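Numbering (this note's numbering), first residue to last: 118 to 324. Don't be surprised by glycine CBs; every beta carbon is placed ideally from N, CA and C. Small disclaimer: the values here were computed from a predicted structure and weren't measured. A short worksheet on the structure shown next.
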Amino acid sequence: MKLMPLQKLFLVAVITIFTAPFFFASCKKEVSSAVNFKYDKEIVPSMHTDSVRMLISDSGLIKYKMITKTWDVFDEAKDPYWFFPKGGYLEKFDTAFVVVFTIKADTVWNYTRRKLWRLKGNVFARNIVGETFTGDEFFWNQQEQKIYSNKLVEVNRPEKGVLIARNGMVANQQMTAYEFMEVGENAGKKTVFYVNEDEENKEEKAE
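Structure below.
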């Protein structure tokens with residue numbers, strides 16, 4: 118067994134002593150960085166869930182069913198909200214659990230404190246009488262009990278044809294009663310018109 122020369126042993130000891138403070142300083146810095154890390158509550162969800170089917174209650178009664186691929190909860194944000202980045206499908210029930218209204222969109226937000234839903238991209242809604250509503254963006258204000266859009270909306274009414282509103286519309290939560298915004302002439306164009314307007318006019322005259 119060979120013994121290490123005294124000079125080499127001393128050199129190794131000096132290198133070890135010299136580098137040790139840097140090693141501990143580096144570790145201390147990493148630990149400090151980890152302890153001081155703070156996530157942004159506005160962009161980092163407090164909960165993330167995939168493949169969700171949930172029942173939502175209002176005033177103690179189950180009134181909605183939500184189906185979505187991804188659900189992110191930002192309940193610590195300044196304006197707390199749920200985010201459905203891959204879209205969602207929502208059903209509204211009456212007191213007998215009959216579906217009276219459905220709506221879906223590519224992206225959905227639910228601002229829980231304000232009870233305000235925002236639906237964006239390929240929005241499609243259907244009421245209990247079979248009328249359908251399509252548009253790029255809708256808002257659902259549960260406190261005011263209304264659904265509205267400030268953009269072009271297409272309404273398909275069974276056996277009555279398609280109606281298009283350029284400036285949006287406002288409706289009740291079941292979308293069975295609705296009215297169009299800024300109806301009239303706008304820059305030479307009608308703000309509400311029928312796709313088959315000639316046929317519609319004939320029907321109205323016949324009535």
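- Contact between asparagine 227 and tyrosine 198 is confirmed by a C-beta separation of about 6 Å, below the 8 Å threshold.
- The residues Leu207 and Ala242, in chain order, have a CB closer than 6 Å to that of isoleucine 220 in the same chain once the five nearest residues on each side in sequence are set aside.
- If you look at valine 190, you'll find it in the beta strand (DSSP E) that goes 178 to 191.
- Annotation for valine 240: Ala222, Gly252 and Phe255 place their beta carbon closer than 6 Å to its own, counting only its chain and skipping 5 residues before and after.
- Taking 9 Å as the cut-off, the beta carbon of glycine 238 is found closer than this to the beta carbon of threonine 224.
- With contacts defined by Cβ atoms closer than 9 Å, lysine 268 and glycine 285 form a contacting pair.
- Going by DSSP, tyrosine 206 is part of the beta strand (DSSP E) stretching over 205 to 210.
- In this structure tryptophan 188 is in contact with threonine 166, their Cβ atoms being roughly 5 Å apart against a cut-off of 8 Å.
- CA-CA distance, threonine 293 to phenylalanine 218, rounds to 9 Å.
- One thing to note: valine 287 has its Cβ no nearer than 9 Å to the Cβ of valine 279.
- DSSP, reduced to helix, strand and coil, places methionine 298 outside both helices and strands of the structure shown, so it counts as coil.
- About 6 Å separates the CB atoms of serine 163 and aspartate 192; that is less than 8 Å, so the two are in contact.
- Apart from the 5 residues on each side of it in sequence, lysine 209 sits with its Cβ closer than 6 Å to the Cβ of Tyr181, Val217 and Phe218 in its chain, given in chain order.
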